[in-house]
Structure formats: structure tokens, C-alpha cells
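Just so you know, the protein sequences line up as chains A and B, in that order. Per our numbering, the very first residue in the first sequence carries number 1; after that it's consecutive. Per our numbering, the very first residue in the second sequence carries number 203; after that it's consecutive.
Protein chains: 2
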Amino acid sequence: MAAPSSPVLFTDPTSEPCRSVHWLCKAAGIPLRLRATWLGRGHHRQEAFLRVNPRHQVPALLHGQFALSEAQAIMRYLCELHGVLDPWFGESLEERARISMLLSWHHHAVRKTVMLNHNLPVYYIPFYVGEAKHPRPQKAQVEELRANFAESLQQLEEFIGSGHFLVGGRLTAADIAIAPDLTAMDVDPDVNEILAAFPAVR
Amino acid sequence: MAAPSSPVLFTDPTSEPCRSVHWLCKAAGIPLRLRATWLGRGHHRQEAFLRVNPRHQVPALLHGQFALSEAQAIMRYLCELHGVLDPWFGESLEERARISMLLSWHHHAVRKTVMLNHNLPVYYIPFYVGEAKHPRPQKAQVEELRANFAESLQQLEEFIGSGHFLVGGRLTAADIAIAPDLTAMDVDPDVNEILAAFPAVR
């Protein structure tokens, strides 16, 4: 159970990076106090939250007086704080380099091409704000967005190879950072068709 | 001088992430062999390079049999290899967290909003491939792109504050990763006007 001195995670479970931090803490046994910060209700623009993260993004962490944003940085900080950096961020120089490469790659690959460019405009934003305000893109445009992320998924397929995990044959921060952007596709009725060519990713 | 066993950096000096890695190695005294890999001549699509980085991006590193891509990962790997991780990636838990936050933030802030969304289409691509093939965007569109990166620059301004560096009052990996995407604006005749509101960034 999280002690009153445990770090506080400001989190919206509908946000993939928030889910990454929360999942890592569950898997690594890191105690955390959660503070729901719903994007849909504008909590991230309220003054109380802006004092924690003036850049109005979740997740954000407050540990005593120390405030930190960016999911990857929060994951690394919490693992180091609890002395479990190596199992999650790499046991050897090469493992650490590989995990660090995947975390950097994720920003401009899966996170950008699958989640921000496709999942958000195609299903999430129309659902949250209503199709009247933000119409779902036309079929041809959706096809184009999907063509744009095929390369990211193919690269991810090659990273995974014949195993179940990205690095070291075990769950690491790399899997945890990337997976939520993929499971977010589960709301898509075409998900099986989209992922058919990528058996390792699926 | 770089020994024949030193890591080989496949680099195109016109690429900002390549310049970051090269700059860090110069500043940290890390020996490196350079292999010019010109994007403009398609070297990144040639088979010899694809064996080093199948994802056809520079920079890429080859150290013995170990191949690594992603500038941030290469910087971290080389610093660790040479025992200088702390001065460049943080001397304390909080410094490491702050540098890690800035490196993650950079991907979706300055790198994306200034460089990929604005600098590339507005000056670099029309210059490299010719305006006939890739016309410079119209004035109104350029204005819109500039409005989109104002928030990133404002955030960077706040990170820098009244000092000269982002973290710890000294040059770190965070400055080195971000600076080339800003100095790339120097080709813009409007650069002084754009940066007038951001004295610390300038």
C-alpha cells in the first residue's frame, strides 16, 4: 500500500503514457498514490495541475517538492528511486542501449504514426468530442493513415522477432512504453485485419 | 585520434541528430570514426547501410558487431562506454530525471514542431529537391506552422530560465540534443523576428 510520502501520479487512464507508468509500477511493485486528472473534464488545464506540470500533459509526478513530466522519464526515475533500474531499463550496456533506442524510436514511430496520427483522429477524438464537432476522416484518408503506420508495425515486428518481448526475453520498460498505443487499437472493428500481417505484434 | 577499433558513426552533417552525436563526442573527448552517409545521395537506402540500420535513418553506430540507431540512444551508449554518463546525463537522481524528461519532451516539442513540421517543409526540402518538386508553403501556412511551435519555444524558454544551459548550469546531453534543431533556423531570414520573444532560446 502506498504510504502518504509515496510519489503522487497525476493520471488519466484513457492516456496511453499514463497507463505505461501505472503498469510499470504494478509490475515492479512500486508504491504510488494516484490522482485522477481527467483530460475530458479539463483537469489538465486547472491551476492546481498546472503547478505540477505547466505543460498541461499527463502523466505528471509529484514526489515531495520534485515535479516531473514525461512518461518515460517518470518510469526511469521511479525505477531508479526503488533500486530496480536494471531489470526494467537493461542489465548490460547493450541491453540498456537497446531499450533506450526503442524508447526514442517509439516517439516518432508507433506513438506518432499509430496513436497520434491515426487512432486519435479516427476513433478517439470523434468519440470524445462528438462526430458533429470532429467528423471521422473519410475512408480514403483512413487508408492513407494506415499505410503510413505499416512501416512502424513492420519495424516493431522485426524488433519482436520470434520472442514475446522486445529485449532480453522478459518484460522491460520498452514493452511497457509501446504496448498501450497498440492495445488502444482494440476498439477498431478492423483491428484483426490491420494486424494480420504482423503476427508478432498481435 | 580514433583507433581502428573505435565505434563507427554513420552520419550526415545536414541531419540535426547526427550533429548532436558528433558534438557530444567532440565535447566529451569520445573517439569516433566517421562514415559519411549522405541522405541527399540516397546512401541511407543502400544495402551496406541497411545492414547497419534497416530502418534507414542516420545517425547509426557500429561498434564491433553491435549496431545501434537513434541519436539519444547512441549518445547514452557512448557516454556509458567511456565512463562519462554522469556529467552528460545527470550527476544526481533529480538531474538524471530532468535530462531524461527533456530528451523525451524534445521528440514531441522542438524536434517535431520546429524542425519536422516547419523547418523541413519551409526551407530544407524545397532547397534539396527543388521548389518545382516541393514548393515552399504559402505565407499563411507558414504563419500557422510558426504559431504551432510558439508553445514549444515558450516552454524551452522556461526550461532555460535565466541561465545558459538546461540542467545543472553546464552543458549536458539535453542541450546537445535540442540545440541543432534551433540553429537550423539560422537559414531563415526571419529568424531574429521569430526568436525575438524568446531571449533565452536565442
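We put the CB at the ideal spot given by N, CA and C, even for glycine.
- For residue 107 (chain A), the closest Cβ of chain B is nearer than 9 angstroms.
- Contact fails between the segment 1-17 of chain A and the segment 82-90 of chain A, because fewer than three Cβ pairs, one in each stretch, are under 8 angstroms apart.
- Put simply, the CB of residue 68 (chain A) is near chain B, with a gap under 9 angstroms to one of its CB atoms.
- Within chain B, the C-beta atoms nearer than 8 angstroms to that of residue 94 (chain A) come from 268, in chain order.
- Against chain A, a Cβ distance below 7 angstroms from residue 275 (chain B) picks out 97, 100, 101, 104.
- Residues of chain A with a Cβ closer than 8 angstroms to the Cβ of residue 340 (chain B) do not exist, since the nearest Cβ in that chain sits about 22 angstroms away.
- The Cβ-Cβ distance between residue 378 (chain B) and residue 348 (chain B) does not fall below 9 angstroms.
- Contacts between residue 81 (chain A) and chain B, judged by CB atoms closer than 8 angstroms, involve 295 in chain order.
- Listed in chain order, the non-local C-beta contacts of residue 323 (chain B) below 7 angstroms within the same chain comprise 339, local neighbours out to five positions each way being set aside.
- In the DSSP assignment, residue 11 (chain A) forms a beta bridge with A:36.
- Residue environment analysis places residue 366 (chain B) among the exposed positions, since fewer than 16 neighbouring C-beta atoms fall within 10 angstroms of its C-beta.
- Residue pairing for residue 68 (chain A): DSSP places it in a beta bridge opposite A:61.
- Listed as beta-bridge partners of residue 167 (chain A) by DSSP are A:170.
- Non-local beta-carbon contacts of residue 25 (chain A) in its own chain, meaning distances under 6 angstroms to residues more than five positions away in sequence, involve 32 in chain order.
- Residue state for residue 297 (chain B) is assigned as helix, using DSSP reduced to three classes.
- In the structure shown, the three-state DSSP call for residue 26 (chain A) is helix.
- Looking only at B:309, B:289, B:275, B:225, the smallest Cα-Cα distance to residue 369 (chain B) is reached by B:289.
- Taking the beta carbon of residue 47 (chain A) as reference, no residue of chain B falls within 7 angstroms; the closest one sits roughly 16 angstroms away.
- Judged by beta-carbon spacing, residue 71 (chain A) lies within the 9 angstroms limit of residue 20 (chain A), meaning their Cβ atoms are closer than that value.
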